[in-house]
Amino acid sequence: MKKKCFPWLLLLPQLFFGLLFLSGILLGLGWSFGLTPLRGGDGLTLRYYGEIFRRADTLPSILYSVKTSALSALFSVLLGVLIAAFLIRSRWDRGIMLSVIKLPILVPHVITALFFINTISQNGLLARLCFHFGWIQGQGDFPLFVYDRFGIGVILAYLWKEAPFIAYFVLSLMAGVSRRLGEAAVNLGATERRAFFEITLPLCLPTILSGFLIIFTFSLGAYELPALMGATVPKALPILAYQEFQKDLSNRPIALSYNGILMGLSLLSALIYRFLLMGGERREK
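Position one of the sequence shown corresponds to residue 807 (my numbering), numbered consecutively onward.
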């Protein structure tokens, strides 16, 4: 009897925190759909979603959040895969290289934002160096990378943080595939480039897509970098949600409706990811 109960006892902490997390999600969704005593207890309604979609800043904010998150994830995946491929073929000490790669991963996002503000803003280090060498006449001549409406600074900051994460994420699998199947293909006459693009990369693609999904969903709901480096207009969705949280308690359903949109976008990206994996499995069969 004790042997049967012991595994369930080990699962109790995970079940407790899982239920706590799930209850918070369900409570937030309930509030966003009007299942709250606030505002007279509307009952199940889409009023709050309708209210935020009637606002002029909602759609630009959705597009801004999706664009910066997708581009950050895409560029991070591309650069991270290149870094992993370089590490596999490099003769340098892999332990030292991995230690260097871990540094951006360990730096908090707030510190990352301050680093990029002090480096690539119009009064940052690069702008001052360009002015010192006479390449620009004033700080206004330096390209606007921070607080710009295109989110260039935000994307660069995520790229610096997440590309090493992707490299670390896929390195073990890519090294194993390259060592077993890639080297076999090279021995049979394939070039290293062809072995990488036709054998190693396709076999690592599910893991790479998983990394893309992780970065996309994380950056979609992240607050720090868009708040510290993003433009005033348009704002990222997490910033709009936070601003509503700071207002009167009656605005709480509005804030949670923004969170509901973020959750819906994350679920949609997960479904697309699953569809791509299933399509790849069908092609293999």
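Backbone N, C-alpha and C fix where the C-beta goes; we use that ideal spot for every residue, glycine too.
Bear in mind that the values here come from a model prediction, so they are computed numbers and not experimental data.
Taking contact to mean 3 or more Cβ pairs, one atom from each stretch, closer than 8 Å, check whether the stretch 999-1010 and the stretch 933-943 are in contact. The stretch 999-1010 is not in contact with the stretch 933-943.
Distance, residue 834 Cα to residue 902 Cα: Your numbering for residue 902 matches position 96 in the sequence shown. Your numbering for residue 834 matches position 28 in the sequence shown. Going by the C-alpha atoms only, they are around 45 Å apart.
Among 895, 1030, 1059, which one has its Cα closest to the Cα of residue 959? Here residue 959 is taken as the residue at index 153 of the sequence shown, counted from 1. Closest option to residue 959, Cα to Cα, is 1030.
Smallest Cα separation from residue 1032: which of 875, 943, 864, 839? Here residue 1032 refers to the residue found at position 226 of the sequence shown. Checking every option, the nearest Cα to that of residue 1032 belongs to 875.
Under the three-state reduction of DSSP, which class applies to residue 814: helix, strand or coil? In the sequence shown, the residue the question calls residue 814 occupies position 8. For residue 814, the secondary structure class from DSSP, reduced to helix, strand or coil, is helix.
Would you please state the rounded distance, in angstroms, between the beta carbons of residue 858 and residue 1063? I believe it to be under 8 Å. Here the question's residue 858 lines up with position 52 in the sequence shown. Here the question's residue 1063 lines up with position 257 in the sequence shown. Taking 8 Å as the upper bound for CB-CB distance, residue 858 and residue 1063 are in contact here, some 5 Å apart.
Taking the runs of the alpha helix (DSSP H) that are 4 residues or longer, which of them lie wholly in the stretch 874-922? Within the stretch 874-922, the complete alpha helix (DSSP H) runs of at least 4 residues are 900-912.
Determine the DSSP secondary structure at residue 981, reduced to helix, strand or coil. Counted from its first residue, the sequence shown places residue 981 at position 175. DSSP, reduced to helix, strand and coil, places residue 981 within a helical segment of the structure shown.
What separation, rounded to the nearest whole angstrom, lies between the Cα atoms of residue 1025 and residue 983? In the sequence shown, residue 1025 corresponds to position 219, counting from 1. In the sequence shown, residue 983 corresponds to position 177, counting from 1. Whole-angstrom Cα-Cα distance: 29 Å.
Grab the span of the alpha helix (DSSP H) containing residue 1015 for me, first residue to last. The count along the sequence shown starts at 1 and reaches residue 1015 at position 209. Residues 1007-1027.
How many angstroms separate the CA atom of residue 818 from the CA atom of residue 829? Residue numbering aside, residue 818 sits at position 12 when the sequence shown is read from its first letter. Residue numbering aside, residue 829 sits at position 23 when the sequence shown is read from its first letter. Distance between the alpha carbons of residue 818 and residue 829: 16 Å.
For residue 930, which of helix, strand or coil comes out of DSSP? Within the sequence shown, the letter at position 124 stands for residue 930. Residue state, collapsed to three classes: coil.
What is the DSSP secondary structure of residue 770, counted as helix, strand or coil? No answer is possible for residue 770: the residues shown for the chain start at 807 and end at 1091.
Excluding the 5 residues flanking residue 1075 on each side, which residues of the same chain have their C-beta closer than 7 Å to its C-beta? What you label residue 1075 is simply residue 269 of the sequence shown in a count that begins at 1. Excluding residues within five positions, the ones whose Cβ falls inside 7 Å are 1019, 1022, 1023.
For the alpha helix (DSSP H) that residue 862 lies in, which residues bound it at each end? Your numbering for residue 862 matches position 56 in the sequence shown. No alpha helix (DSSP H) contains residue 862, which DSSP labels as neither H nor E.
Under the rule that 16 or more other beta-carbon atoms within 10 Å means buried, what is residue 837, buried or exposed? Taking the first residue of the sequence shown as position 1, residue 837 is located at position 31. Residue environment: residue 837 is assigned as buried (16 or more neighbouring CB atoms within 10 Å of its CB, all protein chains considered).
Close beta carbons around residue 862, own chain, < 8 Å, minus the five adjacent residues each side: The residue labelled residue 862 in the question sits at position 56 within the sequence shown. Nothing meets the Cβ criterion.
May I ask which residues mark the beginning and end of the alpha helix (DSSP H) holding residue 1050? In the sequence shown, the residue the question calls residue 1050 occupies position 244. In the DSSP assignment, residue 1050 falls within the alpha helix (DSSP H) that extends over 1043-1051.
If you draw a straight line from the alpha carbon of residue 964 to that of residue 814, how long is it in whole angstroms? Reading the sequence shown from its first residue, position 158 is the one you call residue 964. Reading the sequence shown from its first residue, position 8 is the one you call residue 814. Roughly 40 Å between the two C-alpha positions.
Collapsed DSSP secondary structure at residue 945 in the structure displayed: For the purposes of this step, residue 945 is taken as the residue at position 139 of the sequence shown. If DSSP states are grouped into helix, strand and coil, residue 945 belongs with the helices.
Can you tell me the Cα-Cα spacing of residue 904 and residue 990, whole angstroms? In the sequence shown, residue 904 corresponds to position 98, counting from 1. In the sequence shown, residue 990 corresponds to position 184, counting from 1. About 26 Å.
Counting C-beta neighbours from all protein chains within 10 Å, is the total for residue 908 16 or more, i.e. buried, or is it exposed? As a first step, residue 908 must be located in the sequence shown, where it is residue number 102. Exposed, by the Cβ-count rule.
Cutoff 8 Å; reference residue 872; Cβ partners in own chain excluding five residues on either side: In the sequence shown, counting from the first residue as 1, residue 872 sits at position 66. Contacts found: 1026, 1071.
Under the three-state reduction of DSSP, which class applies to residue 963: helix, strand or coil? Here the question's residue 963 lines up with position 157 in the sequence shown. Assigned with DSSP and collapsed to three states, residue 963 falls in helix.
From 977, 1077, 1050, residue whose alpha carbon lies closest to that of residue 895: Stepping through the sequence shown from its first residue, residue 895 is reached at position 89. The shortest C-alpha separation from residue 895 is found at 977.
How many whole angstroms separate the CB atoms of residue 878 and residue 961, which I take to be in contact at a CB cut-off of 8 Å? Here residue 878 is taken as the residue at index 72 of the sequence shown, counted from 1. Here residue 961 is taken as the residue at index 155 of the sequence shown, counted from 1. Right, the Cβ-Cβ distance comes to about 5 Å (below 8 Å), so this counts as a contact.
Looking at C-alpha atoms only, which residue of 880, 952, 1080 is the closest neighbour of residue 921? Position 115 of the sequence shown, counting from 1, holds the residue named residue 921. Comparing Cα positions, the closest option is 952.
Quick check on this structure: which residue in 1053, 1035, 1028 has the alpha carbon closest to the alpha carbon of residue 1043? Numbered from its first residue, the sequence shown carries residue 1043 at position 237. Ranking 1053, 1035, 1028 by Cα distance to residue 1043 puts 1028 first.
Using 9 Å as the threshold, is the C-beta distance between residue 890 and residue 980 below it? Reading the sequence shown from its first residue, position 84 is the one you call residue 890. Reading the sequence shown from its first residue, position 174 is the one you call residue 980. It is a contact, given that the beta carbons lie within the stated cut-off.
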